[in-house]
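A.B. asks:
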Amino acid sequence: MQDVWVNGTAMMQTGRHYNLNIDEMAARVLDEALKDAGYPELDALFVASATAEQADKQQMLGAYIASRLGLDKIATYRVENADGSGGSALMAAAMAVRSGLYNCVAVVGVDKPNDVLSNQQQDIYSTATDSVYERYFGVTPAAQAALMAKMYLAKYEYKYEDLALWPVLMHKYGASNPYAYIRKQAKVEDVLDSELVSDPLRLYDVGPMADGAAAAVLCSRKGVAKVLGMWSSTNAVPFNARQEYDVLYSAREAAERAYRMAGVTPRDVATAEVHDSYSILGVLAVEALGLAPRGGLLASLRSGAEVRVNLSGGLKSRGNVMGATGVYQAVEVVWQLIGRGPFKRVDGSIGVVHSMGGVDRTSTVVVLGL
Amino acid sequence: MEHESVPLYWRNIPSYYRLVAKRCRKCGEVYYPPAVKCPKCGSAELEDFQLPHEGELVEFTVLRSVPTDFLKQKPLVIGLVKLGPVKVLGQIVDAAPEKLKAGQKMEVVFRRVVVDGKYGLVMYGYKFRPRP
Ligand SMILES: [Zn+2]
Chain A
1 MQDVWVNGTA MMQTGRHYNL NIDEMAARVL DEALKDAGYP ELDALFVASA TAEQADKQQM
61 LGAYIASRLG LDKIATYRVE NADGSGGSAL MAAAMAVRSG LYNCVAVVGV DKPNDVLSNQ
121 QQDIYSTATD SVYERYFGVT PAAQAALMAK MYLAKYEYKY EDLALWPVLM HKYGASNPYA
181 YIRKQAKVED VLDSELVSDP LRLYDVGPMA DGAAAAVLCS RKGVAKVLGM WSSTNAVPFN
241 ARQEYDVLYS AREAAERAYR MAGVTPRDVA TAEVHDSYSI LGVLAVEALG LAPRGGLLAS
301 LRSGAEVRVN LSGGLKSRGN VMGATGVYQA VEVVWQLIGR GPFKRVDGSI GVVHSMGGVD
361 RTSTVVVLGL
Chain B
1 MEHESVPLYW RNIPSYYRLV AKRCRKCGEV YYPPAVKCPK CGSAELEDFQ LPHEGELVEF
61 TVLRSVPTDF LKQKPLVIGL VKLGPVKVLG QIVDAAPEKL KAGQKMEVVF RRVVVDGKYG
121 LVMYGYKFRP RP
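For the protein sequence lines, the chains are A and B, in the order given.
When we follow UniProt numbering, the leftmost residue of the first sequence carries the number 1, and every step to the right adds one.
When we follow UniProt numbering, the leftmost residue of the second sequence carries the number 1, and every step to the right adds one.
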């Protein structure tokens, strides 16, 4: 089996890119990442997108991205796992190199949720729930996250004010990330004053949908960071049938297996980017990754302990770039490990990406190291 | 959402109208949504199982940011209701959210769920309400 190294990376600022087509955006970051890697001969392109068909009416996105750059005679693969598409595509790309079939592949994550109105975004995001038994009745990921938040807060005897510390932390980190959608600090009062989305969750608990694209080039030859471990897991239990609502089963399983493959423990992790589409899910993801004890993260936030997770600002502040999110996270973790761009180098050599589709439907965890 | 397909709606009527779940003939476990094969014992012998129409509220939330189909009905009260051996996720109606409490008795009612445009399908299904 071949080693898998990150050879090139690129991302564009998230936001509302009304002047760019989806394939154009993806092609731009892909070309930048290829340039960063020294334009290696590319064998395949893995594309992560969650909304291309619904928001941009485009299938076969990989072929159109490739054609914008004249990338001829390569294989293109589209990976879709809703807002967890990025992690899944990253893992598929890494597997392809690891298997020895390909020497150099690229993964590009792209989505333009702002090509439709915000109500239609809810329609699209709802298709990440069970279409027949959940979406049909008006259930959205926000409602599911809200139910989990209610049960988590009750079980561990927290108040909503404790949960509000997560968006405050995300805004603090996002304020210094020039690639983020929202770059301003927030106070607990701002969170408490924001409108209710689905109680107890308020507007500040929701990662705003942003357009964006990020890319990475993975090769068997040595690069700036190495893929040390990876695993993907599905939680097959329907939301209504869960035993417990205060744990992310898919993230826990993916993390345990990825750590084992990498030969690391949570203590070795210097930086992590987790999928906080809703603040409660960020909290549960940190706990699932073993970076805080179960039910314990809000207590450490409350005590003022330094929690260095989502230095990008997370989905809350960088934005929920839907299918592109996992690729953004990978680029962010690499840049944090090597101290590139706006990111200060973290103290340590191991970083973790947690990418999730829907509310604990699928998770991918990738361990990156120097 | 526009233009929901007729067969997509029609084939799910047993669930939407009657809350038909599946029970494993071998181990007795009940699944809703209906399973194709028993995740617990692996048996493919599953039979229809009628869920009871009374149960109790596990937890609920008031959803204010809704998909386009539900704009006229917002906010939606979304709740988890325990019906016999399983929990079911759905809308709660005829209730003041501030008076709802986990553990309270609930019952299933049959209601209109989605109206697809001016000339499209009118679709029905179960909802829950507090038991008087
Ligand atoms: Zn069975």
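All C-beta atoms, glycine included, are put in the ideal place defined by N, C-alpha and C.
The structure presented is a predicted model; accordingly, all values stated were derived computationally and were not measured.
Please confirm whether any heavy atom of ligand 2 lies closer than 8 Å to the CB of B:Glu29.
C.D. replies: No copy of ligand 2 appears in this structure; the ligands present are ligand 1.
A.B. asks: For A:Asp43, report the span of its beta strand (DSSP E) as first-last.
C.D. replies: No beta strand (DSSP E) contains A:Asp43, which DSSP labels as neither H nor E.
A.B. asks: Looking only at its chain, what residues have a beta carbon closer than 6 Å to the beta carbon of A:Ser126, apart from the 5 residues adjacent to it on each side?
C.D. replies: Arg135, Thr140
A.B. asks: Let me confirm a value: B:Trp10 is counted as buried when at least 16 other C-beta atoms fall within 10 Å, else exposed. Which label applies?
C.D. replies: exposed
A.B. asks: For the putative contact between A:Ser232 and B:Ser65, defined by C-beta atoms under 8 Å, what is the C-beta separation to the nearest angstrom?
C.D. replies: That belief does not hold up - the Cβ atoms of A:Ser232 and B:Ser65 are roughly 29 Å apart, past 8 Å.
A.B. asks: Find out if the Cβ-Cβ distance for the pair A:Ala106, A:Leu45 is shorter than 9 Å.
C.D. replies: Their beta carbons are under 9 Å apart, which means A:Ala106 touches A:Leu45 by this criterion.
A.B. asks: Excluding the 5 residues flanking A:Val331 on each side, which residues of the same chain have their C-beta closer than 8 Å to its C-beta?
C.D. replies: Thr9, Ala10, Met11, Ala214, Ala215, Ala216
A.B. asks: Check whether the region 46 to 55 of chain B and the region 73 to 85 of chain B touch, using three or more Cβ-Cβ pairs below 8 Å as the test.
C.D. replies: yes
A.B. asks: Mind checking whether A:Leu298 and A:Leu147 have CB atoms under 9 Å apart?
C.D. replies: no
A.B. asks: Note down, in chain order, each residue of its chain lying with its Cβ closer than 6 Å to the Cβ of A:His171, except the 5 sequence neighbours on either side.
C.D. replies: Gln185, Ala186, Ser317
A.B. asks: Can you give me the start and stop residues for the beta strand (DSSP E) that A:Gly351 sits inside?
C.D. replies: 350 to 357
A.B. asks: Put A:Asp83 into one of helix, strand or coil per three-state DSSP.
C.D. replies: strand
A.B. asks: Return the first residue and the last residue of the alpha helix (DSSP H) that residue 160 of chain B is part of.
C.D. replies: No answer is possible for residue 160 of chain B: the residues shown for chain B start at 1 and end at 132.
A.B. asks: For A:Ala66, I'd like the list of residues in its chain whose CB is within less than 7 Å of its CB, leaving aside the five on either flank, ordered along the chain.
C.D. replies: Leu45, Ile74, Thr76
A.B. asks: Please classify A:Pro167 as buried or exposed, where buried requires at least 16 neighbouring CB atoms within 10 angstroms.
C.D. replies: buried
A.B. asks: Looking at ligand 1, does it come within less than 8 Å of B:Lys40, judged from the CB to the closest heavy atom?
C.D. replies: yes
A.B. asks: With a threshold of 8 Å, are at least 3 pairs of Cβ atoms found where one atom belongs to the region 35 to 52 of chain A and the other to the region 101 to 121 of chain A?
C.D. replies: Contact between the region 35 to 52 of chain A and the region 101 to 121 of chain A is present, because at least three Cβ pairs lie under 8 Å.
A.B. asks: Using a Cβ distance threshold of 8 Å, determine whether the region 344 to 364 of chain A contacts the region 252 to 264 of chain A, with at least three qualifying pairs required.
C.D. replies: yes
A.B. asks: What do you get for A:Ser85, buried or exposed, if any count of 16 or more other CB atoms within 10 angstroms of its CB means buried?
C.D. replies: buried
A.B. asks: Mind listing the chain B neighbours of A:Met151? Cutoff is C-beta to C-beta under 7 Å, in chain order.
C.D. replies: Result: Glu59.
A.B. asks: Let me confirm a value: A:Met356 is counted as buried when at least 16 other C-beta atoms fall within 10 Å, else exposed. Which label applies?
C.D. replies: buried
A.B. asks: In whole angstroms, give me the CA-to-CA distance for B:Cys24 and A:Glu273.
C.D. replies: 41 Å
A.B. asks: Compute the beta-carbon to beta-carbon distance between A:Pro113 and A:Asp211, rounded to the nearest angstrom, for a pair I have assumed lies under 8 Å.
C.D. replies: Correct: roughly 7 Å between the Cβ atoms.
A.B. asks: Any idea what DSSP makes of A:Lys226, helix, strand or coil?
C.D. replies: When secondary structure is reduced to three states using DSSP, A:Lys226 falls in the strand class.
A.B. asks: Take the Cβ of B:Ala96 as the centre, count every other Cβ of all protein chains shown within 10 Å, and call the residue buried at 16 or more, exposed below.
C.D. replies: exposed
A.B. asks: For chain A, check one thing: does any of its Cβ atoms lie closer than 9 Å to the Cβ of residue 143 of chain B?
C.D. replies: Residue numbering for chain B in the displayed model covers 1 to 132; residue 143 of chain B lies beyond these limits and cannot be assessed.
A.B. asks: Around the C-beta of A:Arg345, are 16 or more other C-beta atoms found within 10 angstroms, so that it is buried, or is it exposed?
C.D. replies: exposed
A.B. asks: A:Asn119 versus chain B: which residues are under 9 Å apart at the beta carbon?
C.D. replies: Ser65, Val66, Pro67, Thr68, Leu71
A.B. asks: Taking the alpha-carbon positions, what's the B:Tyr126 to B:Gln104 distance?
C.D. replies: 18 Å
A.B. asks: Report yes if the CB atom of A:Ala149 is closer than 9 Å to the CB atom of A:Ser279, and no otherwise.
C.D. replies: yes
A.B. asks: Restricting to Cα atoms, I'd like to know which of A:Gly223, A:Ala142, A:Val6, A:Trp335 is closest to A:Leu196.
C.D. replies: Considering only alpha carbons, the answer is A:Ala142.
A.B. asks: Taking B:Gln91 as the query, report the chain A residues whose CB atoms sit under 8 Å from its CB, ordered along the chain.
C.D. replies: Ordered by position in chain A, the residues that pass the 8 Å Cβ test against B:Gln91 are Phe137, Gly138.
A.B. asks: Work out the CA separation of B:Ala102 and B:Arg112 for me, nearest whole Å.
C.D. replies: 25 Å
A.B. asks: Which ranges does the beta strand (DSSP E) cover as unbroken runs of at least 3 residues, wholly within the UniProt domain "ChsH2 rubredoxin-like zinc ribbon" (17 to 47) of chain B, from first to last along the chain?
C.D. replies: 20 to 24
A.B. asks: In or out: A:Leu289 buried (at least 16 other Cβ within 10 Å) or exposed?
C.D. replies: By the 10 Å Cβ count, A:Leu289 comes out buried.
A.B. asks: Could you compute how far the alpha carbon of A:Leu370 sits from the alpha carbon of B:Val81?
C.D. replies: 49 Å
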